[in-house]
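Asks:
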Amino acid sequence: DVSKSLSLLCTGDSLEGSLEVSPDETLIAERMASSPRAATPEGGPPYFAVSAVWLRKWRRFVQGGASPPGPVNNNILLDDKDSEVAWMIGDDWHVVHRIHGGGPVLRRMTCELFPRQGPSTPRQGSSTEDDGASRPNPRPGCGSSAAQRSQGDRVLVMLRRTVDFHADRCHRLSRDLDAELRRLLSGPWAPSPDKDTMDELIEARRRITTAIRVSCGGEELREAWQVLRKLDSSSSLEKLGNLVSDICMHEEAQVVLACLRQAVQDGDRLSLETWLEQAAAVECGSECVAQLRQHLRLLEESERAALNARTEDTDDPAERLWRLSLAALEAGDLDALSDLVAGARGSGLDASAVALLAEGLRTRRAAARSGASASNAAASTPPPAAPSVGPQIDEIIGPQSQPFQQQQQQQQQQQ
């Protein structure tokens with residue numbers, strides 16, 4: 029029902045109607061309480077802005093048994109730029125917003141409510157050519173070769189440039205979106221809508237207008253567009269929909285690239301593999317994906333080298349002796365087995381099992397040699413005549429067949 033869904037989304041009524049604290053909300057509140065208040069939440073981007081006033085009410089509801097906080101009210105953040113803002117990661121925000129509703133949804137790539145438009149600026153002490161604060165840091169125990177560090181630096185620079193490209197595209201698309209909104213307000217939206225849909229349509233237009241003018245972000249734009257499209261299916265909205273779709277795509281690309289960048293910095297191979305699967309879907313660029321795959325191969329080689337080194341360092345001498353002995357046996361190398369026996373005895377290790385392997389290999393070789401000699405001798409000697417087996421068979425069968433013949437004769441006489 030369009031009217032009901034619009035009422036839920038625009039008035040901010042709870043989408044689930046539940047006044048009980050959910051287990052997910054409890055976990056989120058506990059995690060927030062254990063983290064520094066001013067710290068950037070771990071797990072982003074993206075980040076979602078929430079009114080700190082509303083968030084305190086929500087935490088008292090979850091942890092203190094207070095009354096429910098009502099729907100999220102972020103309008104205060106847009107009306108008063110000095111209002112206190114809190115930040116949540118995507119997973120936490122979607123749990124809370126699904127339960128309590130409200131809005132508008134304010135999604136950002138950084139914890140800045142009103143970020144500077146255009147390409148991102150480098151942090152102090154770094155440059156776009158070599159982000160010194162973001163050099164790759166391999167996981168403990170994985171090592172880091174010069175080739176891996178050099179490749180990681182190049183990948184980070186490339187990722188920053190790609191993020192800047194998508195941020196610039198979002199900036200340009202936002203200006204196009206604002207121009208299209210002005211066209212709609214002065215043209216197709218100028219006449220008053222029909223009375224049957226007046227309230228809903230006016231509210232839907234107001235919502236998307238606010239989302240465009242205050243740069244709420246792709247998620248709020250998409251939700252506002254979906255509500256508006258249900259009420260107005262005219263072709264005049266086609267360009268608006270295309271612009272919203274493009275902004276959402278470029279924002280998603282920034283999210284994926286930010287996660288890839290974090291994975292490269294941390295030397296996290298598993299995260300890099302996971303986000304690489306998403307990179308092609310959001311059009312991060314073939315060159316970008318190719319460099320990331322090359323860096324992934326370097327990480328895999330580094331992990332294998334670290335694992336082999338760890339195995340050699342922690343290997344028990346007896347286990348190492350046995351492993352080398354099995355390899356020598358498999359290769360049929362009797363000299364290597366003999367050397368291992370001598371070396372083990374010189375080191376005070378028990379070499380009896382290795383000596384048995386050497387003796388077994390020596391015996392098999394001798395048997396193989398004698399078998400080959402016998403075969404050669406047999407090949408040079410004419411084959412003996414086949415013995416007659418007739419008498420032997422008769423001797424075996426004769427005594428056994430006598431009682432049987434007598435029994436046959438008795439039966440015939442009786443008949």
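29 is the number of the first residue of the sequence shown in the numbering used here; add one for each residue after it.
Ideal Cβ positions, reconstructed from N, Cα and C, are used throughout, including at glycine.
The structure presented is a predicted model; accordingly, all values stated were derived computationally and were not measured.
Note the first and the last residue of the continuous alpha helix (DSSP H) segment covering Ser273.
Replies: Position 245 of the sequence shown, counted from the start, is the residue given in the question as residue 273. Run containing Ser273: 266–294, per the alpha helix (DSSP H) assignment.
Asks: Would you decide whether Phe452 is buried or exposed? Buried here means 16 or more other CB atoms lie within 10 Å of its CB.
Replies: Since the first residue shown for the chain is 29 and the last is 443, residue 452 is missing from the structure and cannot be characterised.
Asks: Pull up the distance between the alpha-carbon of Leu365 and that of Asp344, whole angstroms please.
Replies: Locating residue 365 in the sequence shown gives position 337, counting from the first residue. Locating residue 344 in the sequence shown gives position 316, counting from the first residue. Approximately 19 Å between the Cα atoms of the pair.
Asks: What number of angstroms, rounded off, separates the C-alpha of Val124 from the C-alpha of Arg87?
Replies: Position 96 of the sequence shown, counted from the start, is the residue given in the question as residue 124. Position 59 of the sequence shown, counted from the start, is the residue given in the question as residue 87. Cα to Cα, Val124 sits roughly 11 Å from Arg87.
Asks: Report yes if the C-beta distance between Leu324 and Leu304 is below 9 Å; otherwise report no.
Replies: By one-based count along the sequence shown, residue 324 stands at place 296. By one-based count along the sequence shown, residue 304 stands at place 276. Taking 9 Å as the Cβ cut-off, Leu324 and Leu304 qualify as a contacting pair.
Asks: By DSSP, does Met226 sit in helix, in strand, or in coil?
Replies: Counting from 1 along the sequence shown, the entry for residue 226 is found at position 198. Looking at Met226 - three-state DSSP - the assignment turns out to be helix.
Asks: My assumption, with CB atoms under 8 Å, is that Val255 sits in contact with Arg235. Please give the rounded CB distance.
Replies: Your numbering for residue 255 matches position 227 in the sequence shown. Your numbering for residue 235 matches position 207 in the sequence shown. At roughly 7 Å, the Cβ-Cβ gap stays under 8 Å, so Val255 and Arg235 are in contact.
Asks: Helix, strand or coil for Ser261, going by three-state DSSP, please let me know.
Replies: As a working note, residue 261 is residue 233 in the sequence shown. Note: Ser261 maps to coil in three-state DSSP.
Asks: Report the three-state DSSP secondary structure of Ile421 (helix, strand or coil).
Replies: For the purposes of this step, residue 421 is taken as residue 393 along the sequence shown, with counting starting at 1. Its pLDDT being 32, under 50, Ile421 is placed unreliably in this model, and the coordinates cannot settle the point.
Asks: Over the uninterrupted beta strand (DSSP E) stretch that includes Phe76, give me the two end residues.
Replies: Within the sequence shown, the letter at position 48 stands for residue 76. Taken as a continuous stretch (DSSP letters only), the beta strand (DSSP E) holding Phe76 covers 75–79.
Asks: Buried or exposed: Ser62, going by 16 or more other Cβ atoms within 10 Å of its Cβ?
Replies: For this step, residue 62 is matched to residue 34 along the sequence shown. Exposed, since its Cβ has fewer than 16 Cβ neighbours within 10 Å.
Asks: On the DSSP bridge assignment, give the partners of Trp253 in chain order.
Replies: The residue given as residue 253 occupies position 225 in the sequence shown. Looking at the DSSP assignment, Trp253 forms no beta bridge with any residue, so it has no partner.
Asks: Measuring CB to CB, does Leu268 end up less than 9 Å from Leu212?
Replies: For the purposes of this step, residue 268 is taken as the residue at position 240 of the sequence shown. For the purposes of this step, residue 212 is taken as the residue at position 184 of the sequence shown. Closer than 9 Å, so yes.
Asks: Which one of His199, Ala94, Asp52, Asp260 has the shortest CA to CA distance from Trp217?
Replies: Translated into positions along the sequence shown, residue 217 becomes position 189. Of His199, Ala94, Asp52, Asp260, the residue nearest in Cα terms is Asp260.
Asks: How long is the line joining the alpha carbons of Ser202 and Arg136, rounded to whole angstroms?
Replies: Mapped onto the sequence shown, residue 202 falls at position 174. Mapped onto the sequence shown, residue 136 falls at position 108. Cα to Cα, the separation comes out at about 14 Å.
Asks: Pro150 by DSSP, collapsed to three states: which one?
Replies: Counting from one through the sequence shown, the residue named residue 150 turns up at place 122. Residue placement at Pro150 cannot be trusted, given a pLDDT of 39 that sits under 50; what the coordinates show is reported in the next sentence. Coil.
Asks: Going by C-alpha to C-alpha distance, which of Ala355, Arg393, Leu349 sits closest to Ser495?
Replies: Absent from the model: residue 495. The displayed extent of the chain is 29 to 443, so no value can be given.
Asks: Decide if the segment 111–124 is in contact with the segment 178–189; the criterion is three or more beta carbon pairs, one per stretch, under 8 Å apart.
Replies: Counting Cβ pairs under 8 Å, fewer than three are found: no touch.
Asks: Along the chain, where does the alpha helix (DSSP H) containing Val369 start, and where does it finish?
Replies: Within the sequence shown, numbered from 1, the residue matching residue 369 stands at position 341. Start and end: 362–374.
Asks: If you check the beta carbons only, do Leu106 and Val272 fall under 9 Å apart?
Replies: In the sequence shown, counting from the first residue as 1, residue 106 sits at position 78. In the sequence shown, counting from the first residue as 1, residue 272 sits at position 244. Going by C-beta atoms, Leu106 is not nearer than 9 Å to Val272.
Asks: Do Ser353 and Leu377 count as a contact pair if the criterion is CB distance below 9 Å?
Replies: Residue numbering aside, residue 377 sits at position 349 when the sequence shown is read from its first letter. Residue numbering aside, residue 353 sits at position 325 when the sequence shown is read from its first letter. Going by C-beta atoms, Leu377 is not nearer than 9 Å to Ser353.
Asks: For Val310, which of helix, strand or coil comes out of DSSP?
Replies: Looking up residue 310 in the sequence shown gives position 282. DSSP places Val310 in coil when its eight states are reduced to three.
Asks: Could you have a look at Met116 and say whether DSSP puts it in helix, strand or coil?
Replies: Taking the first residue of the sequence shown as position 1, residue 116 is located at position 88. Reduced to three states, the DSSP call for Met116 is strand.
Asks: Exposed or buried, Ser330, counting other C-beta atoms within 10 Å across all chains shown (16 or more means buried)?
Replies: Taking the first residue of the sequence shown as 1, we reach residue 330 at position 302. With 16 or more other Cβ atoms within 10 Å, it is buried.
Asks: Do you know how far the Cα of Glu70 is from the Cα of Gly246?
Replies: As a working mapping, residue 246 is identified with position 218 in the sequence shown. As a working mapping, residue 70 is identified with position 42 in the sequence shown. Answer to the nearest angstrom: the Cα atoms are 21 Å apart.
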